[in-house]
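Those protein sequences? They're chains G and R, same order as listed.
1 is the number of the first residue of the first sequence in full-length UniProt numbering; add one for each residue after it.
1 is the number of the first residue of the second sequence in full-length UniProt numbering; add one for each residue after it.
Heads up, the thing below is written out as structure tokens.
There are 2 protein chains.
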Amino acid sequence: MSLIVQKYGGTSVGTPERIRAVARRVARYKSLGHQIVVVVSAMSGETNRLIGLAKEIMAEPDPRELDVMVSTGEQVTIGMTTLALIDLGIKAKSYTGSQVKILTDDAHTKARILKIDHHNIQEDLDQGYVVVVAGFQGVDEQGNITTLGRGGSDTTGVALAAALKADECQIYTDVDGIYTTDPRVVPEAKKLDSITFEEMLEMASLGSKVLQIRSVEFAGKYKVKLRVLSSFEEEGDGTLITFEEKNNMEDPIISGIAFNRDEAKVSILGVPDKPGIAYQILGPIADANIDVDMIIQNVGAVGTTDFTFTVNRIDLSKALGILNEKVKGHVGAREVNGNDKIAKVSIVGVGMRSHVGVASQMFRTLSEEGINIDMISTSEIKISVLIDEKYLELAVRALHKAFGLDA
Amino acid sequence: MSLIVQKYGGTSVGTPERIRAVARRVARYKSLGHQIVVVVSAMSGETNRLIGLAKEIMAEPDPRELDVMVSTGEQVTIGMTTLALIDLGIKAKSYTGSQVKILTDDAHTKARILKIDHHNIQEDLDQGYVVVVAGFQGVDEQGNITTLGRGGSDTTGVALAAALKADECQIYTDVDGIYTTDPRVVPEAKKLDSITFEEMLEMASLGSKVLQIRSVEFAGKYKVKLRVLSSFEEEGDGTLITFEEKNNMEDPIISGIAFNRDEAKVSILGVPDKPGIAYQILGPIADANIDVDMIIQNVGAVGTTDFTFTVNRIDLSKALGILNEKVKGHVGAREVNGNDKIAKVSIVGVGMRSHVGVASQMFRTLSEEGINIDMISTSEIKISVLIDEKYLELAVRALHKAFGLDA
């Protein structure tokens, strides 16, 4: 007998029929003798509907009251899911975040879980109940309803699995696992049976939006065994996210190719090369709440330097405005320019730690396809390059093949 | 400075625009220096939508889980109402039933309030907050979410007013007060400035559906000053519901004319007149959960009796079926028949206690209009008659005039 936490996202509980399908799956696991905790999101579209209602009243809704409203989305789903289980003759009981209780800090709309009181749930499990918990929500020390921010239901699932010392936390979504890259770009992309937490972190932050990055960090911290599966398929073991280092010689060096089309590049050229220049450029950008991803600084003409960074595309014109108005004259730069026709491609794999030549193979592959590299940034287990957007699919396919992922 | 509880029903908070209107009204009261607690229902239609979702999953939803779902309706409205107040620059804070906490028994979908912990609310009021509370819901001793049943938001308002020792509980609805009768039937109907609790109880149970009967009983028990007003009009003092007996000679004997088209008449004729016959007839009806309103028993032919009662129209065929199958043969009755083309008209007024001749004036008025009376039942402050449905409007108009309510 295992204790399994199963988390179902918005599309998995998007209609009454889908909710009944979830109940049937839970029933199957239950019939195998497992104890099951189900964590559900709001029905797809419901959170946006509630935010829309709030914004009809107040353009920038008070966060405490927004949480009161938005948290009802999951509350409706726990009721429906529990009804579907009871309708199958299964003992089941729902819990809101505050009923559990999932104690968070008071940072409304982006609260962090501090502690989970799992005793009532454990008691219900021991009495044979399936317990259905509202994802994405908690309660602060004063009893105010909080939400964990978008995608927070994954975090709820992992945190409950950690508190209950569950054998596995299964994240059900609309894909059947983690792939070597996006199958829509590379039809030869393969589902991975397993991936390490570190790789998953790099894949997630690079745009493979299967799991929320915070929930992966959380799982790593508490050593929760995480599995990604499809709620739309009856069979399949999904992808297991592991803590073990791969040390099998046969394992591939690279686990996957991630990419991202949401960034834009900003350059400020001919800046006098003085200490503190990076701060003078990025300080005003940060003050405007613009997130910066890649940053590089190159030596330019004598005594000057060229500074380039990437931002989210929707922030490009704002960033250019700030640089032109507040920075360019101040630091004595020659030119400011931006480009949103770029894409980022990354190869990810713990194997590259112990393999020299991974970077050079990546660069050679791109060069053989005639693809120019704009920027490079590296970490221990990934290498990212910025290229012209129009070559994105070509680059991903070529790298997928070159690193043996097609096999 | 007064402490006022204002309760707004579903149509009063039916749209974001209506909610903003509620906030403006609250702001006006607040600017006069009053402390305000606002109790809101779900937006009109929302409760039915949620019940519909539950029934899509399970034909007869588990009551605990139904309450989890349905209670979200009011939770959304407290968020929106509080946002609207904050948007007007007013300090405001929302409370769900369990945050208050409004402790109830565990009779899901029809729970009764046991105790209200008003200390947090009082503290917020003293700090200048407008407090917005979800109507219709509470929490039981075990922390399960409960609902008070349809119309329970009125009860929440009155119970909060009692707990906080409020100066007045204002019930906002889509009518501007209690009328002598339905103005759609009698254009001369007048709004009453005040009405006694006992009269209100008779009016409410007789089909003037402005206030929920339970909330009126509750107000009477705790001596809460209740006022019915329209949320759709800027001005007006509505109708105050008082505890004082009217003892002014000038006060009218009759306060209003109530009527009801929802009943049907059931007769079982030629029953041998023996002890226990009423129970043998009504027992099986009660067992089938059919509510009975008026009951009369008349002596018929020698040694037999005729028994007649009224039920809700939707229960007529069920009641006839039970009488024909389980009762008629058993008690040896001659005939069973039903009639749903009937209506009940009642005159209500505490004044009739001390005035003889009220009944005879009622019967004479109806007789002068050629209206036959089918059944009569009386209480201390009301007289009800059952007549042919087609004469309903005529009867109401004639009685309204005869008792001087047109004046």
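Ideal Cβ placement from N, Cα and C applies to all residues, glycine included.
Between the alpha carbons of residue 380(R) and residue 196(R) lies a distance of about 14 Å. For residue 20(R), the neighbours in chain G by C-beta distance under 8 Å run, in chain order, 57. Between the segment 305 to 318 of chain R and the segment 260 to 279 of chain R there are three or more C-beta pairs closer than 8 Å, enough to call the two in contact. Of the residues assessed, residue 237(G) falls on the exposed side of the cut-off, its CB having fewer than 16 other CB atoms within 10 angstroms. Residue 117(G) and residue 113(R) have their C-alpha atoms some 28 Å from each other. Contacts between residue 282(G) and chain R, judged by CB atoms closer than 8 Å, are missing: the closest CB pair is about 35 Å apart. Of the other Cβ atoms in all chains shown, 16 or more fall within 10 Å of the Cβ of residue 375(G); this residue is therefore buried. Contact between residue 165(G) and residue 128(G) is absent: CB atoms are separated by about 19 Å, not below the 8 Å threshold.
With 16 or more other Cβ atoms inside 10 Å of its own Cβ, residue 82(G) counts as buried. Secondary structure of residue 377(R) (DSSP, three-state): strand. For residue 120(R), the closest of 163(R), 80(R), 292(R), 146(R) by C-alpha to C-alpha distance is 163(R). DSSP places residue 152(G) in no beta strand (DSSP E) but in the uninterrupted alpha helix (DSSP H) bounded by 152 to 163. Beyond the five residues adjoining it in sequence on each side, residue 180(G) comes within less than 6 Å, by CB distance, of 189, 190, 256, 405 in the same chain, given in chain order. Closest option to residue 283(R), judged by alpha-carbon separation, among 270(R), 258(R), 319(R), 260(R): 319(R). For residue 386(G), the beta-bridge partners assigned by DSSP are 344(G), 375(G).
Counting along the chain, the unbroken alpha helix (DSSP H) around residue 362(R) starts and ends at 358 to 368. Taking one beta carbon from each stretch, the segment 257 to 275 of chain G and the segment 339 to 351 of chain G have 3 or more pairs nearer than 8 Å; the two touch.
Shown here, residue 276(G) sits in coil according to DSSP, grouped into three states, outside any helix or strand. Within the same chain, and ignoring the five residues on either side of residue 110(R) in sequence, the residues whose Cβ sits closer than 6 Å to its Cβ are 149. Between the alpha carbons of residue 4(R) and residue 144(R) lies a distance of about 29 Å. Of the candidates 368(R), 38(R), 10(R), the residue whose Cα lies closest to the Cα of residue 23(R) is 38(R). When DSSP states are grouped into helix, strand and coil, residue 87(R) belongs to the helix group. In the structure shown, residue 137(G) adopts extended strand secondary structure according to DSSP, grouped into three states. Against chain R, the CB of residue 76(G) has a partner CB under 8 Å away; the residue lies at that interface. Taken through DSSP and simplified to helix, strand or coil, residue 92(R) comes out as strand. Beta-bridge pairing by DSSP links residue 328(R) to no other residue. Relative to residue 338(R), the option among 56(R), 268(R), 352(R) whose CA is nearest is 268(R). Going by beta carbons, residue 78(G) and residue 40(G) fall inside the 8 Å limit.
Residues of chain G with a Cβ closer than 9 Å to the Cβ of residue 124(R) do not exist; the shortest Cβ-Cβ separation is about 12 Å. Residues are counted here when their Cβ sits less than 7 Å from a Cβ of chain R; for the segment 67 to 95 of chain G these are 68, 69, 72, 75, 76, 78, 79, 80, 82, 83, 84, 86, 87, 94, given in chain order. The segment 85 to 103 of chain R makes no contact with the segment 168 to 176 of chain R; the number of CB pairs closer than 8 Å stays below 3.
The shortest CA-to-CA distance from residue 30(R) to any of 377(R), 86(R), 66(R) is the one to 86(R). Distance between residue 271(G) and residue 185(G), taken at the CA atoms: about 39 Å. Between residue 254(G) and residue 363(G), the CB-CB gap reaches or exceeds 8 Å. It is roughly 30 Å from the alpha-carbon of residue 168(G) to the alpha-carbon of residue 62(R). For residue 338(G), the pairing in a beta bridge is given by DSSP as 266(G).
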